[in-house]
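Chemist: Residue numbers (my numbering): 295 to 905.
Every residue, glycine too, gets a C-beta built ideally from N, C-alpha and C.
Model, not experiment: these values are computed from the prediction.
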């Protein structure tokens with residue numbers, strides 16, 4: 295309940311009456327426009343249906359598995375009708391209260407809001423959702439119904455935890471899709487734009503929708519940004535360097551120094567292969583790679599290939615051998631240094647942990663420090679991605695991957711978009727199709743749309759052994775290259791960075807690394823999420839938390855941590871400087887045994903999933 299008081303009609307809530315000179319269309323003209331829109335809509339729907347593929351999944355999900363979960367939910371609800379009746383009465387009571395308060399507002403009185411949008415919910419930011427009594431009623435009706443539906447589903451007893459999470463997740467997808475902001479007649483901003491433009495926004499929106507269907511080859515590929523505004527290597531991913539090594543799975547980039555002296559031990563960055571590495575090199579002012587070069591590091595970055603059917607049999611162990619292990623050998627050839635400091639980001643961090651355990655078993659101590667950016671190694675609480683991981687959905691996903699040799703990049707993109715559907719799906723539906731606008735050029739969203747494929751063998755191993763079975767935390771639970779992996783054998787000093795609002799690698803789960811690794815561990819928590827909390831240069835908008843101790847639980851850690859208003863980057867630099875190994879003369883790419891193959895960012899990163 296909120297104590298917020300509504301404005302009285304005639305004050306903030308008053309609405310201006312249109313005049314003939316305001317540019318509103320005459321009824322006959324608007325009727326013609328609506329008829330034209332309807333005709334184009336029919337053509338568009340027919341074209342959409344004609345192009346639809348048969349029996350495809352929804353991202354990584356299986357429609358049959360989703361249907362089975364909701365069938366069980368329905369059966370259990372029917373078996374306990376008293377709970378259903380009680381829930382209906384509760385909703386009816388909320389509706390009656392809302393109607394009474396709305397009636398008060400219609401007659402000029404004040405009325406307290408029965409329910410408010412969650413903080414940060416941008417769907418209802420237009421002032422009409424609050425000032426206009428009708429739209430306020432529509433908004434609150436939706437929020438009450440959404441809350442009722444989700445709470446009713448959550449309270450059904452007898453469903454196992456994994457299936458309950460799946461039901462809750464897809465119920466939220468359904469609720470988000472039905473938000474009044476997503477429809478013409480119940481979105482005040484769209485109605486206003488339709489009247490002012492004589493329906494031109496809807497015609498433009500239909501054109502945008504048809505363009506997106508054309509680009510998606512029959513599937514709806516929603517544009518999140520102006521894809522023509524960015525060119526990799528020209529206005530993003532522009533830090534100077536050279537590709538000095540490559541194999542089937544990756545190119546290794548060595549960046550040019552900007553200082554006369556550099557740290558003796560090179561810095562290797564292992565990005566995830568679910569995304570492309572240039573998230574760490576978007577623009578000069580927020581490029582972690584450029585900043586690390588300026589801190590006197592000799593920076594090497596793995597740029598993973600965007601695989602096709604020819605790499606279907608590549609395994610997780612292949613990614614280790616042809617990724618970080620091959621990179622360490624190449625770095626030694628390029629610089630003469632066998633030792634290195636290594637960063638792993640997300641899945642790249644999971645691979646780094648596996649590599650460290652593998653190297654520990656081989657008594658190989660070339661990695662002198664390990665930094666983990668938002669990295670999962672204990673998948674007990676794997677966040678919302680876990681809703682896609684059960685036997686039914688995995689079997690369906692493997693059938694799809696085996697048919698092509700890889701998981702489509704768009705399936706990965708759809709999956710991640712569903713985790714934040716209001717921000718990454720429905721906001722663009724409103725902007726592009728209802729308001730008829732073109733998306734704004736945004737480098738981060740360009741990167742987000744630059745999806746990558748996953749080789750069938752590797753991805754199946756990763757999902758089954760880590761997400762489904764959580765074998766990585768069990769000593770000897772998995773083997774790579776014939777070597778049993780035990781994270782408890784890792785004694786390399788570690789810096790673990792997590793982000794407080796991470797929906798992909800929840801920070802309370804990533805904190806498990808402080809208990810698993812046996813070397814000294816520095817845990818740091820950044821504000822914001824999986825991307826913005828990492829790509830947050832000094833002077834950026836997000837702060838971080840530090841704690842000199844690592845108590846048993848993440849809650850204890852946060853309770854005794856100190857919050858700082860600025861980026862964690864300088865803290866990390868002070869930490870890693872202790873593992874620098876002194877200074878040497880700056881090394882230029884191509885000076886050592888490895889000669890440049892091409893300029894950074896290389897050719898692998900430019901291969902798009904649609905190519």
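1. Under a Cβ-count criterion, where at least 16 other Cβ atoms within 10 Å of its own Cβ denotes burial, should residue 657 be classed as buried or exposed?
2. Starting from residue 544, follow the beta strand (DSSP E) in both directions and report where the run begins and ends.
3. Ignoring anything shorter than 4 residues or poking outside the region 483-513, list the alpha helix (DSSP H) runs there in chain order.
4. Given this structure, state the Cα-to-Cα distance separating residue 319 from residue 519, to the nearest angstrom.
5. Could you check if residue 915 is buried or exposed, using at least 16 other CB atoms within 10 Å of its CB as the buried criterion?
6. Mapping DSSP to helix, strand and coil, what is residue 608?
7. Apart from the five residues just before and just after residue 249, which ones in its own chain have a Cβ nearer than 8 Å to its Cβ?
8. Which class does residue 394 belong to by DSSP, given the choice of helix, strand or coil?
9. Identify whether residue 835 lies in helix, strand or coil by the three-state DSSP scheme.
10. Measuring alpha carbon to alpha carbon, tell me which residue in 571, 409, 625 is nearest residue 886.
11. Look at the alpha carbon of residue 723 and the alpha carbon of residue 707, and state the distance between them as a whole number of angstroms.
12. Should residue 603 and residue 699 be called a contact, given that it needs their Cβ atoms to be closer than 7 Å?
13. With distances taken between CB atoms, is the gap from residue 556 to residue 590 smaller than 7 Å?
14. Based on Cα-Cα distance, which residue from 623, 426, 405 lies nearest to residue 486?
15. Just grab the DSSP bridge partners of residue 912 for me.
16. Return the chain-ordered list of same chain residues with a C-beta closer than 7 Å to the C-beta of residue 436, the five sequence neighbours on each side being excluded.
17. Cα separation between residue 815 and residue 433?
18. Measuring alpha carbon to alpha carbon, tell me which residue in 461, 399, 805 is nearest residue 263.
19. Near residue 588, what residues of its chain come up, given a Cβ to Cβ distance below 8 Å and the 5 sequence neighbours on each side ignored?
20. Give the secondary structure of residue 555 by DSSP, where H, G and I count as helix, E and B as strand, and everything else as coil.
21. Tell me residue 858's beta-bridge partners as DSSP assigns them.
22. Mind checking who residue 664 pairs with in its DSSP beta bridge?
23. Between which two residues does the alpha helix (DSSP H) harbouring residue 703 extend?
24. Which residues mark the beginning and the end of the beta strand (DSSP E) in which residue 675 is found?
25. Does the Cβ of residue 663 have 16 or more other Cβ atoms within 10 Å, making it buried, or fewer, making it exposed?
26. Looking at the secondary structure, which residues open and close the alpha helix (DSSP H) in which residue 888 lies?
27. Assuming the contact rule is C-beta atoms closer than 8 Å, residue 573 and residue 829 should be a hit. Round their C-beta distance to whole Å, please.
28. Can you give me the C-alpha to C-alpha distance between residue 549 and residue 593, rounded to a whole angstrom?
29. Using 10 angstroms around the beta-carbon of residue 415, count the other beta-carbons present and answer buried if the total reaches 16, otherwise exposed.
30. Near residue 862, which residues of its chain fall below 6 Å by C-beta distance, leaving aside the five closest residues on each side in sequence?
31. Would you call the CB atoms of residue 595 and residue 792 closer than 7 Å?
32. Three Cβ pairs or more, each shorter than 8 Å: is that satisfied between the region 712-730 and the region 496-509?
33. Are the region 604-622 and the region 559-566 touching, with three or more C-beta to C-beta distances below 8 Å?
34. Would you check if the distance between the CB atom of residue 804 and the CB atom of residue 661 is smaller than 7 Å?
35. Pull up the DSSP beta-bridge partners for residue 768, would you.
36. Going by beta carbon distance, what residues of the same chain come within less than 8 Å of residue 890, once the five residues before and after it are set aside?
Modeler: Quick answer:
1. By the neighbour-count rule (16 or more Cβ atoms within 10 Å), residue 657 is not buried but exposed.
2. Counting along the chain, the unbroken beta strand (DSSP E) around residue 544 starts and ends at 544-549.
3. 494-509
4. Because residue 319 sits at a pLDDT of 42, beneath the cut-off of 50, its placement in the model cannot be relied upon, and the following sentence gives the value as read from the coordinates. Roughly 32 Å between the two C-alpha positions.
5. Outside the displayed range of the chain (295 to 905) lies residue 915, so it cannot be described from this structure.
6. coil
7. This structure does not reach residue 249, given that the chain is present from 295 up to 905, and the question cannot be answered.
8. helix
9. coil
10. Of the candidates 571, 409, 625, the residue whose Cα lies closest to the Cα of residue 886 is 625.
11. 16 Å
12. yes
13. At a Cβ-Cβ threshold of 7 Å, residue 556 and residue 590 count as neighbours.
14. When C-alpha distances from residue 486 are compared across 623, 426, 405, the shortest belongs to 426.
15. With the chain covering 295 to 905 only, the question about residue 912 has no answer from this structure.
16. 473, 474
17. Roughly 48 Å between the two C-alpha positions.
18. Nothing about residue 263 can be reported from this structure: the residues present for the chain run from 295 to 905 only.
19. 552, 553
20. strand
21. For residue 858, DSSP records a beta bridge to 838.
22. 636, 788
23. 703-713
24. Here residue 675 belongs to no beta strand (DSSP E), and DSSP marks it neither H nor E.
25. buried
26. It is not in any alpha helix (DSSP H) - residue 888 carries neither H nor E in the DSSP assignment.
27. Indeed they touch by this definition, with Cβ atoms about 7 Å apart.
28. 6 Å
29. exposed
30. 818, 820, 838
31. no
32. yes
33. The count of Cβ pairs closer than 8 Å, one atom from the region 604-622 and one from the region 559-566, reaches three, so the stretches are in contact.
34. Cβ distance not < 7 Å, so residue 804 and residue 661 don't count as in contact.
35. Answer is none; residue 768 lacks a bridge partner.
36. 536, 537, 538, 883, 884
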